Amino acid sequence: DLDGRTLLVHAEQGLGDTLQFIRYLSFLRNTDGEVIFACPDRLIPLVQGFAADIRVVPLNKKVPHEVQAPLMSLPRLFHETLPFEPQGGRYLDPEPDRVAHWADQLGAGAARRIGICWQGSTGYRNDGRRSIPLLNFEPLARIDNIELVSLQQGEGTEQIAEMPWRDRITDLTADMDHDGAFTDTLAVMASLDLVVTSDTAIAHLAGAAGIPVFMALCHLPDWRWSLKGQSSPWYSSMRLFRQETAGDWTSVFNQIATATTEGS
236 DLDGRTLLVH AEQGLGDTLQ FIRYLSFLRN TDGEVIFACP DRLIPLVQGF
286 AADIRVVPLN KKVPHEVQAP LMSLPRLFHE TLPFEPQGGR YLDPEPDRVA
336 HWADQLGAGA ARRIGICWQG STGYRNDGRR SIPLLNFEPL ARIDNIELVS
386 LQQGEGTEQI AEMPWRDRIT DLTADMDHDG AFTDTLAVMA SLDLVVTSDT
436 AIAHLAGAAG IPVFMALCHL PDWRWSLKGQ SSPWYSSMRL FRQETAGDWT
486 SVFNQIATAT TEGS
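Read left to right, the sequence shown gives residues 236 to 499 (the working numbering).
Here it is, written out as structure tokens:
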């Protein structure tokens, strides 16, 4: 109980972590005090739409408060009153005007559109295990009547020009997300049938919006994905594809291509 005090919750990890754990802010809406959420500036436009009744401020802004908590500590602080891993659930929605704009930009396309993302931040110490060279997505590019839509921004985008099947990729990212991280990306996702991605923030974004997402995982993935199984308690729209052998992305993407073809 806050007893009238002000609680400052701050995002202490990466963008994907923030997207995954902002769901817990909803459990603070009816508390008996003020709640302030501090997050990276570029995430504020997206987060404000979810936490409409919580004051959202930049991480570097100093605001008066009596108590504080890192965002990813909220599950522990709730103790046993709430589940640690909320089952499924959709808690992020794109802005309707943006959805209409990007649907118009994409226009009429193939029978199915698949968003792809392959590279995370190279500053992450385990990026070599989680990020995937774009060349491994080729089994998807060879499926008839499918349009690949790039969701990759920044690092890794240079790989598109190197692909022999680059003509199968639609890339509109140069005009996306200028006024906030993922605001346009989320709207583009609304026009997609599926997202296929490595373990990046894009996976969390799709899962939080209830968009079907296939995620390719390395042999020893991050703790939140556990060590076995194809489903995740974090996101009901997500399906996990795991390496059986460390470094083997070929079999993973053959499985993903098969599942995509079968529509499963």
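Cβ atoms here follow ideal geometry from the backbone N, Cα and C, with glycine treated the same way. Here the structure is a predicted model, which means the values were calculated and not measured.
CA-to-CA distance, residue j to residue i, given in whole angstroms
| i | j | result |
| --- | --- | --- |
| L306 | L260 | 8 Å |
| I491 | I381 | 14 Å |
| D339 | N489 | 32 Å |
| L369 | H300 | 45 Å |
| S426 | F449 | 16 Å |
| A438 | A343 | 25 Å |
| Q303 | R333 | 35 Å |
| L267 | F256 | Note that residue 267 is Asp in the sequence shown here, rather than Leu. So the alpha carbons of these two residues sit roughly 21 Å apart. |
| T420 | S472 | 17 Å |
| R364 | D238 | 45 Å |
| P447 | F372 | 17 Å |
| T496 | P374 | 10 Å |
| D410 | R477 | 33 Å |
| V487 | R240 | 50 Å |
| A494 | I378 | 11 Å |
| H454 | T392 | 25 Å |
| S308 | V292 | 19 Å |
| G445 | E330 | 15 Å |
| T480 | Q248 | 29 Å |
| G324 | A396 | 37 Å |
| L250 | D412 | 14 Å |
| Q394 | P456 | 24 Å |
Among the options, the one whose alpha carbon lies nearest that of residue i
| i | options | result |
| --- | --- | --- |
| L254 | S461, T420, L427, L278 | L278 |
| R258 | A345, Y326, F313 | Y326 |
| V423 | C453, V270, L407 | L407 |
| C274 | V298, E393, L375 | V298 |
| R347 | L429, P374, A481 | L429 |
| D252 | D288, W337, Y359 | Y359 |
| T485 | P456, G498, P468, L452 | L452 |
Residues sharing a beta bridge with residue i, DSSP
| i | result |
| --- | --- |
| T405 | V384 |
| Q303 | L243 |
| V423 | In the DSSP output, where bridge partners are listed per residue, V423 has none listed. |
| R348 | E382 |
| D274 | Reading off the sequence, residue 274 comes out as Cys, not Asp. BP columns for C274 point to P293. |
| W298 | According to the sequence provided, residue 298 is Val. The question's Trp does not apply to it. Note: V298 sits in no beta bridge, so no partner. |
| E269 | T241 |
| T432 | C352, M450 |
| M473 | V448 |
Residues near residue i by beta carbon distance below 8 Å, same chain, minus five either side
| i | result |
| --- | --- |
| T357 | S366, E390 |
| A178 | Since the first residue shown for the chain is 236 and the last is 499, residue 178 is missing from the structure and cannot be characterised. |
| H523 | Any property of residue 523 remains undetermined from this structure, which presents the chain solely from 236 to 499. |
| K296 | A273 |
| L242 | L263, T266, G268, E269, V270, I271, H300, E301, V302, Q303, A304 |
| L294 | H245, A246, A273, C274, P275, D276 |
Min CB distance residue i to chain D below 8 Å
| i | result |
| --- | --- |
| L421 | Annotation note: the requested chain D is absent from the structure, which comprises a single protein chain. |
Same chain only: Cβ atoms within 6 Å of residue i, ignoring 5 sequence neighbours per side
| i | result |
| --- | --- |
| R474 | F449, Q465 |
| R290 | I271 |
| A345 | N380, I381, E382 |
| Y470 | G442 |
| A416 | R277, L278 |
| D288 | R264 |
Nonlocal neighbours in the same chain, by C-beta distance under 7 Å from residue i, ignoring five residues either side
| i | result |
| --- | --- |
| D236 | D267 |
| F313 | F262 |
| F285 | I257, Y326, L327 |
Residue i beta carbon near the ligand FAD (any heavy atom closer than 7 Å)
| i | result |
| --- | --- |
| V448 | With respect to small molecules bound, the structure shown includes none, and the ligand FAD cannot be examined in it. |
Using 8 Å as the cut-off, can you tell me whether the region 279–296 makes contact with the region 459–466, which would need three or more C-beta pairs spanning the two stretches below that distance? no
Is it the case that the region 347–355 contacts the region 424–439, given that we only count it when at least three CB pairs across the two stretches are under 8 Å? yes
Are the region 387–401 and the region 343–353 touching by the rule of at least three beta carbon pairs closer than 8 Å? yes
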